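*Asks:*
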Amino acid sequence: MTAGPVAAPLTLACVLAAVMNAAGAARLRRRGDAWPWRRDCVFAAGCAAVVWGLAGPVPGGPFTAHTGRHLLTAMAGPALLAVARPLTLVLRLLPPGRPRRGLLRVAHSPAAGRLLFPPVAAAVDLGGLWLLYRTDLWTAAHRHPLLGGLLELHMLLAGLLFAMAVCRLDPVRGRCGLPLRAVTLLGAGAAHAVLAKSLYVAGPPGTAFAAVDLRAGAQLMYYGGDAVEVFLALALAVQWYAATGRRRARQAARDTVPAGAR
1 MTAGPVAAPL TLACVLAAVM NAAGAARLRR RGDAWPWRRD CVFAAGCAAV
51 VWGLAGPVPG GPFTAHTGRH LLTAMAGPAL LAVARPLTLV LRLLPPGRPR
101 RGLLRVAHSP AAGRLLFPPV AAAVDLGGLW LLYRTDLWTA AHRHPLLGGL
151 LELHMLLAGL LFAMAVCRLD PVRGRCGLPL RAVTLLGAGA AHAVLAKSLY
201 VAGPPGTAFA AVDLRAGAQL MYYGGDAVEV FLALALAVQW YAATGRRRAR
251 QAARDTVPAG AR
């Protein structure tokens, strides 16, 4: 997707988000709260990935460059942002009061719960990709810059929604177990791989990319998508490891309590 009219505002928003995140984390540490530095780095990397995808130079032919932007803006950037736990940081910064209660009300609302249900989030994210690449939406977006810009915004938000639904590190409505999230990630990865393979054979309807460019872009989408999905799988593995450790610690504590004291 070429840069549309929303590219500049989105780029500015990402830069401001990175600055505000760093300032908020510094404020937490000044008042004595723990906030890992690695989350700051991951959030900054996510913002940088989105900015690079929106406005930075991406090598390759037209389709290959588009694929690189898609990976940065709609996959790598959102995955990094979700792992950085931005909602948790904002909630810890806000004092008790109406703004904090309002944000929690939104995060715990039924609508948020439905959108963040992993299969729904995957359908929103992957469904948009299939519509873009396998219908006439691609050519329409290039004829109408505003539509292209809105699609760029949709890809970013849908990617962030999917990453947050799979990682589920921030306090949001509903509890989705690791098995459901892992299966959803596996299914979404398969759907993304099938889409990339189909693009290797034929480009989006109404386009005439060079065969070399089309195949290079499809391969970048295939292997780049795998890399982002492995990153999300590692985030799930860390959660599983931590949950297993807590469960074993609780079991060990119960086992050490004398029978008469229970």
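The numbers in my numbering rise by one with no breaks, and the one at position 113 of the sequence shown is 113.
Where a beta carbon is used, it is the ideal one built from N, C-alpha and C, also for glycine.
For clarity, every value in this text was computed on a predicted model and none was experimentally measured.
#1: Around the C-beta of W37, are 16 or more other C-beta atoms found within 10 angstroms, so that it is buried, or is it exposed?
#2: Taking one C-beta from the region 203-217 and one from the region 179-186 each time, how about it: are there three or more such pairs within less than 8 Å?
#3: Contact check, T64 vs G217 under 8 Å by CB: the rounded distance?
#4: With S109 as the anchor, note down where its alpha helix (DSSP H) starts and where it stops.
#5: Would the beta-carbon of S156 fall within 9 Å of that of A252?
#6: Rounded to a whole number of angstroms, what is the C-alpha to C-alpha distance between R105 and H192?
#7: On the premise that A165 lies in contact with F117, defined as a C-beta separation below 8 Å, what is that separation, rounded to the nearest angstrom?
#8: With DSSP as the reference, label L132 as helix, strand or coil.
#9: Going by alpha carbons, who is nearest to W10 out of L94, R175, L54?
#10: Under DSSP, the alpha helix (DSSP H) around C167 begins and ends at which residues?
#11: Report the rounded CA-to-CA distance for R39 versus A22, giving the unit in angstroms.
#12: May I have a chain-ordered list of the beta strand (DSSP E) segments no shorter than 3 residues that lie completely inside the region 29-105?
#13: Please identify the residue among G149, A158, L153 whose C-alpha is closest to the C-alpha of V120.
#14: Grab me the residues of L236's own chain with a C-beta within less than 8 Å of its C-beta, minus the 5 sequence neighbours each way, in chain order.
#15: Could you tell me the boundaries of the alpha helix (DSSP H) in which P179 lies?
#16: How big is the Cα-Cα spacing for C14 and G46?
#17: For P5 and L146, which I take to be in contact (beta-carbon distance under 8 Å), what is that distance rounded to the nearest angstrom?
#18: Roughly how many whole angstroms lie between the Cα atoms of Y264 and L87?
#19: Can you check whether the CB of L91 is closer than 9 Å to the CB of L195?
#20: So what does DSSP say about A208, is it helix, strand or coil?
#21: From the DSSP output, in three-state form, read off G113 for me.
#22: Suppose contacts are defined by Cβ-Cβ distances below 9 Å. Is V228 in contact with A76 by that definition?
*Replies:* Considering the structure as presented:
#1: exposed
#2: no
#3: 4 Å
#4: Premise fails: S109 is in no alpha helix (DSSP H) and is neither H nor E.
#5: It is worth fixing the name first, because residue 156 is Leu in this sequence and not Ser. The answer is no: Cβ separation not under 9 Å.
#6: 33 Å
#7: 7 Å
#8: helix
#9: According to the sequence shown, residue 10 is Leu rather than Trp. Of the candidates L94, R175, L54, the one whose C-alpha sits nearest the C-alpha of L10 is L54.
#10: 145-167
#11: 10 Å
#12: none
#13: A158
#14: V166, C167, L178, R181, A182, L185
#15: 178-201
#16: 9 Å
#17: 6 Å
#18: Past the boundaries of the shown model lies residue 264; the chain is included only from 1 to 262, so the question cannot be answered.
#19: no
#20: coil
#21: helix
#22: yes
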